[in-house]
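Q:
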Amino acid sequence: MGNPVNMFVLVSIRIFWVFAVLAIIGCSKSNDPDERDPFMASTPAPAPPKWVNEVPSTPDWWTNVAVNYNEGNSISNRWSVVKGMETNIEMMVRNGLPPTKERRELAKYLARLSESEHVTHGDQSFLKFEMAMTYERLGDFKWAARDYAELVSNSPRDVELYCLAVQYERLGNPAAALQIYNYMARSFDTNSDYHEIATRGIACITSASNGCALEKPFRYLPEKKIIYSVGPRLKDFGGKQSDLLSEDYNYPFKIEF
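When we follow the working numbering, the leftmost residue of the sequence shown carries the number 45, and every step to the right adds one.
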């Protein structure tokens, strides 16, 4: 059997080289452009408008909402409470009941939970996204925009970017929305869903609909219960659909009344 000291040195050297090789492999893999997250933009997102940073910390209703948040509960128990609140809201929606009070309670509970020292950074991002969606469903679009903007500034993912653009549109800031859509169109693969969503958003805001049927003159046919648009040459064929590439199409839209 060899000298124990020499054996220790030999094993230590081998361990060092194993970790060195793994580190090199890891670095080369992370820098490989083909390995990047296809749902994440590779460049920083546009800065939000000034008013986003001036949104108050909480909506007006915040102080009037009480939640039973118990710091003594385990973190898993607190996550279970969130799940229960979301399930209750979903059931109320299905039954046609307005869950405004319940959604406000959920937003406040999520905020309390996100402040816990036991919540990981990844979970905090998830909670921020949940809060943004809850604000959005409450119609508190300024607060939704603020939270989506914060998420996007740290991790410009496709879903959060789209949600942020929608809030800008709802709040009457099409220029900010257009900036996000243009950024998405540049950042994501042309075959991806969110690239298509971005190009449609750009078209809606700039009215660049490329001859969309909805821009053409409409006709109304009550006996067939349809409205329809005619082609560029305004030939009326009674709502009979034909090739949209033709200049003589009639594109119908069924209506119920």
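Heads up, the beta-carbon is just placed ideally off N, CA and C, and yes, glycines get one too.
Every value quoted in this text rests on a predicted model; they were computed, and no experiment measured them.
Please report the Cβ distance between I246 and N226, rounded to the nearest whole angstrom; I am assuming they are in contact, meaning their Cβ atoms lie under 8 Å.
A: 6 Å
Q: Provide the residue(s) that pair with R201 in DSSP beta bridges, ordered along the chain.
A: Beta-bridge pairing links R201 to M84.
Q: Does the beta-carbon of E159 have 16 or more other beta-carbons within 10 angstroms, so that it is buried, or is it exposed?
A: exposed
Q: Below 8 Å, can you find three or more Cβ-Cβ pairs linking the segment 117–130 to the segment 90–100?
A: Flag = no, the segment 117–130 and the segment 90–100 do not touch.
Q: Please classify R19 as buried or exposed, where buried requires at least 16 other C-beta atoms within 10 Å of its C-beta.
A: For the chain, the structure presents residues 45 to 301; residue 19 sits outside this window and is missing.
Q: Which residues in the same chain as D26 place their Cβ atom closer than 7 Å to its Cβ, once the five residues preceding and following it in sequence are excluded?
A: This structure leaves residue 26 out entirely; the chain is present only between 45 and 301.
Q: By the three-class DSSP mapping on this structure, what secondary structure does N108 have?
A: helix
Q: Express the C-alpha separation of L141 and S101 in angstroms, rounding to a whole number.
A: 28 Å
Q: Let me know the secondary structure DSSP gives N217 once reduced to three states.
A: In the three-state reduction of the DSSP assignment, N217 falls in the coil class, being assigned neither a helical nor a strand state.
Q: In the DSSP assignment, the alpha helix (DSSP H) including V125 goes from what residue to what residue?
A: 119–138
Q: Considering only C-alpha positions, which residue in the set T250, L215, N217, R190 is nearest to E204?
A: R190
Q: For V196 and A89, I'd like the C-alpha separation in whole angstroms.
A: 7 Å
Q: Tell me which residues share the same chain as A209 and place their Cβ nearer than 7 Å to its Cβ, disregarding the 5 neighbours each side in the sequence.
A: A221, I224, Y225, G245
Q: Check L66 in the structure and name its three-state DSSP category.
A: Residue placement at L66 cannot be trusted, given a pLDDT of 39 that sits under 50; the coordinates are not used to answer.
Q: Using 10 angstroms around the beta-carbon of N254, count the other beta-carbons present and answer buried if the total reaches 16, otherwise exposed.
A: Residue placement at N254 is poorly supported in this model, since its pLDDT is 48, which falls under 50; the coordinates are not used for a value here.
Q: Would you please state the rounded distance, in angstroms, between the beta carbons of A91 and S231? I believe it to be under 8 Å.
A: Not really, about 15 Å apart at Cβ, beyond 8 Å.
Q: According to the neighbour-count rule (16 or more other Cβ atoms, all chains shown, within 10 Å of its Cβ), is T178 buried or exposed?
A: buried
Q: What three-state label does DSSP hand S231 in the structure shown?
A: helix
Q: Drop a sphere of 10 angstroms on the beta-carbon of E213, count the other beta-carbons inside from all chains shown, and report buried for 16 or more, exposed for fewer.
A: That one is buried.
Q: If I follow the unbroken alpha helix (DSSP H) through S169, where does it start and stop?
A: 165–182 is the extent of the alpha helix (DSSP H) around S169.
Q: By Cβ distance, which residues of its chain are closer than 7 Å to F83, with the 5 residues on each side in sequence left out?
A: Around F83: R201, D202.
Q: If you measure between the beta carbons of L182 and T243, is that distance less than 8 Å?
A: no
Q: Y206: which of V125, G216, D237, W187 sits nearest, CA to CA?
A: D237
Q: Could you tell me the distance, in whole angstroms, from the CA atom of S169 to the CA atom of Y153?
A: 15 Å
Q: Comparing C-alpha positions only, which one of E180, Y192, S120 sits nearest to L157?
A: S120
Q: Taking F173 as the reference, which of W105, I133, A188 has the closest Cα?
A: A188
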